Every structure is written in C-alpha cells, then in structure tokens.
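Numbering (UniProt numbering), first residue to last: 1 to 233.
C-beta atoms are modelled at their ideal positions from N, C-alpha and C, and glycine is treated no differently.
Here the structure is a predicted model, which means the values were calculated and not measured.
Everything on this sheet refers to the single structure shown next.
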Amino acid sequence: MGKAFDPALIFEFLPKLLAYLPVTLFILVAALFFGLWLALLIALPRLYNMPVLSQLAAIYVSFIRGTPVLIQLFLVFYGLPAFLQLFHLDVSRANPLFFVIATYSLSSAAFFSETIRAAVNSVDRGQIEAAYAAGLTGRQAFVRIVLPQAGMIAFPNFANSVIGFLKDTSLAFSIGVMDMMGRGQTLISATAHALEVYIGLAIIYYLVVIVLEKGFARAERRLQRHERKWASA
Numbered sequence: 001m002g003k004a005f006d007p008a009l010i011f012e013f014l015p016k017l018l019a020y021l022p023v024t025l026f027i028l029v030a031a032l033f034f035g036l037w038l039a040l041l042i043a044l045p046r047l048y049n050m051p052v053l054s055q056l057a058a059i060y061v062s063f064i065r066g067t068p069v070l071i072q073l074f075l076v077f078y079g080l081p082a083f084l085q086l087f088h089l090d091v092s093r094a095n096p097l098f099f100v101i102a103t104y105s106l107s108s109a110a111f112f113s114e115t116i117r118a119a120v121n122s123v124d125r126g127q128i129e130a131a132y133a134a135g136l137t138g139r140q141a142f143v144r145i146v147l148p149q150a151g152m153i154a155f156p157n158f159a160n161s162v163i164g165f166l167k168d169t170s171l172a173f174s175i176g177v178m179d180m181m182g183r184g185q186t187l188i189s190a191t192a193h194a195l196e197v198y199i200g201l202a203i204i205y206y207l208v209v210i211v212l213e214k215g216f217a218r219a220e221r222r223l224q225r226h227e228r229k230w231a232s233a
C-alpha cells in the first residue's frame with residue numbers, strides 16, 4: 001500500500017513530470033510523420049485494387065486494428081532484433097525510443113490508411129472524370145482534385161486519431177523509455193505516492209489534449225472557410 005494521500009505532492013510532482021513532456025510529444029510527432037507516409041503506401045493499393053498488394057494491405061490493417069498497441073510494442077521490441085539477426089544486423093542495443101517510434105508509426109499507419117481510403121472514396125467520381133476530360137493525368141487529378149477534398153473530409157478523424165495516439169504513448173515506459181509515464185513510475189518507486197503521481201499525469205495529459213482539440217478545431221474552421229471560398233468561386 002502507498003502512503004497517505006498528500007494533495008501538496010501533486011504540485012510538487014507536476015514540474016518533474018512536465019520536464020519529460022517533450023519526450024512524449026517527440027514520440028507522437030515522429031510516429032505521425034512516418035505513419036502518414038506509410039499510410040499512403042498502404043492505402044494506394046486498396047484504392048486502385050492492385051493484385052496481391054491490396055490483399056496484403058488489408059491483412060496488415062486487420063491485424064493492427066485487431067491487436068492491442070501494447071502487444072504490438074512488445075512484438076517490435078523483441079521481434080525486430082530477432083528478425084534482423086537473420087541478416088546479421090544487431091539492433092538489440094538500440095535506444096528503446098527507436099522501437100517505440102517504429103511501433104506507433106506502424107500502428108498509426110493502419111488507422112490513417114483507412115481514414116485516407118474512406119475520404120478518397122467519398123469524393124465525387126464525376127469530378128475525377130471531369131479532370132480527365134480537361135486533360136489532367138491520373139496523378140494530376142489525384143493531387144489537384146481528389147487529395148485536397150479528401151484531406152478536408154479526413155481531417156476530423158485524423159484529429160481524433162492524433163489525440164488517441166497521444167494517450168497511447170503512455171505505454172512507452174513498458175520497454176524502458178523515460179517519458180512522462182516512465183518518470184512517474186520512478187517517482188512512485190521513490191516516494192510510494194502513486195495516487196498523487198497519477199493525478200499529476202492525468203492533469204498534464206488532459207491539458208495537452210485540450211490544447212490539441214482547440215488547435216484542431218481552429219484549423220478545421222480555417223479549412224472550411226477556404227473550402228467555402230473555393231466552392232463559391
């Protein structure tokens with residue numbers, strides 16, 4: 001059992017936990033950057049019904065969506081070094097942060113690919129045919145016509161996913177990454193005041209989520225304003 005609850009310790013722990021917020025945000029930003037690029041590579045075969053690649057992409061998405069992030073984290077942490085050993089590459093001593101970013105990139109890519117696929121499929125097919133009639137190539141039609149509209153459609157789901165992945169980063173401590181949750185665990189071990197630490201962590205995560213929600217809401221309003229101007233032009 002922990003020690004008696006002391007509210008004053010929450011304010012004492014907050015600066016110590018906040019010092020590791022940049023690590024948490026770095027994991028999120030890096031995973032989103034790589035995840036979005038990978039999501040495009042996964043979504044394209046399914047959008048264009050490419051043989052074999054489409055089926056492989058569907059299996060990958062199904063597996064990621066059907067397994068917990070924590071299990072994926074352990075699979076990458078223990079499985080990737082074992083796999084690379086077959087090619088005489090030793091990454092067993094790599095920084096655990098590398099495995100965390102790799103895991104969240106692979107995980108976010110599966111969810112983002114479905115968001116992208118749904119958004120692209122929702123764009124009116126007639127606009128694509130009109131682009132072809134105007135002389136645009138398939139690539140030009142996708143980049144100039146489909147992608148901007150799909151991005152607008154996908155933005156709310158993307159924002160929700162980002163907030164969800166921010167909270168999932170709290171699992172990084174389980175393989176030794178010293179982020180906010182990892183620092184919280186060391187404080188619990190040193191002080192035996194678990195409740196105060198978890199309250200402090202909850203406050204920080206909640207405030208960060210509020211900031212993200214406000215930022216995404218503002219960005220969405222700006223996007224909608226530009227969309228209305230484009231539609232009325």
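{"Asked": "Express the C-alpha separation of residue 151 and residue 132 in angstroms, rounding to a whole number.", "Found": "21 Å"}
{"Asked": "Cβ of residue 245 within 8 Å of Cβ of residue 172?", "Found": "It is not possible to answer for residue 245, since the shown part of the chain is limited to 1 through 233."}
{"Asked": "How many Å lie between residue 23 and residue 109 at the Cα?", "Found": "21 Å"}
{"Asked": "Examine the Cβ distances between the region 22–41 and the region 192–200 and report whether three or more of them are shorter than 8 Å.", "Found": "no"}
{"Asked": "Alpha carbon to alpha carbon, how far is residue 92 from residue 54?", "Found": "32 Å"}
{"Asked": "Can you list, in chain order, the residues of its chain with a C-beta nearer than 7 Å to that of residue 21? Leave out the 5 residues immediately preceding and following it.", "Found": "180, 204"}
{"Asked": "If you run the structure through DSSP and keep just helix, strand and coil, what is residue 243?", "Found": "Look at the range of the chain in this structure, 1 to 233, and you will see that residue 243 is not part of it."}
{"Asked": "When we look at the beta-carbon of residue 215 and count the other beta-carbons within 10 Å, is it buried (16 or more) or exposed?", "Found": "exposed"}
{"Asked": "Could you give the uninterrupted runs of the beta strand (DSSP E) lying entirely in the region 165–199, keeping only those of 3 residues or more?", "Found": "none"}
{"Asked": "I'd like to know if the region 64–80 and the region 142–157 are in contact, where contact means that at least 3 CB-CB pairs between them fall below 8 Å.", "Found": "no"}
{"Asked": "In angstroms, rounded to a whole number, what distance separates the CA positions of residue 15 and residue 201?", "Found": "11 Å"}
{"Asked": "Select from 207, 40, 11 the residue whose C-alpha is nearest the C-alpha of residue 113.", "Found": "40"}
{"Asked": "How should residue 62 be labelled, buried or exposed, when 16 other C-beta atoms within 10 angstroms of its C-beta is the threshold for buried?", "Found": "exposed"}
{"Asked": "Under 8 Å by Cβ, that's how I've got residue 72 and residue 64 pegged, so tell me the actual separation to the nearest angstrom.", "Found": "7 Å"}
{"Asked": "Within 10 angstroms of its Cβ, does residue 10 collect 16 or more other Cβ (buried), or is it exposed?", "Found": "buried"}
{"Asked": "Per DSSP, what kind of secondary structure is residue 152 in: helix, strand or coil?", "Found": "helix"}
{"Asked": "To the nearest angstrom, how far is it from the Cα of residue 142 to the Cα of residue 125?", "Found": "11 Å"}
{"Asked": "DSSP on residue 159, reduced to helix/strand/coil?", "Found": "helix"}
{"Asked": "Relative to the alpha-carbon of residue 163, which residue among 106, 46, 68, 210 has its alpha-carbon at the smallest distance?", "Found": "210"}
{"Asked": "If residue 105 sits next to residue 34, beta carbons under 8 Å apart, how far is it from one beta carbon to the other, in whole angstroms?", "Found": "4 Å"}
{"Asked": "Less than 8 Å between the beta carbons of residue 176 and residue 45, yes or no?", "Found": "no"}
{"Asked": "Note down the Cα distance separating residue 12 from residue 36, rounded to an integer number of angstroms.", "Found": "38 Å"}
{"Asked": "How about residue 174 and residue 38: do their beta carbons lie closer than 8 Å?", "Found": "no"}
{"Asked": "So, does the CB of residue 36 fall closer than 8 Å to a CB anywhere in chain D?", "Found": "This model lacks chain D altogether, as it is built from one protein chain only."}
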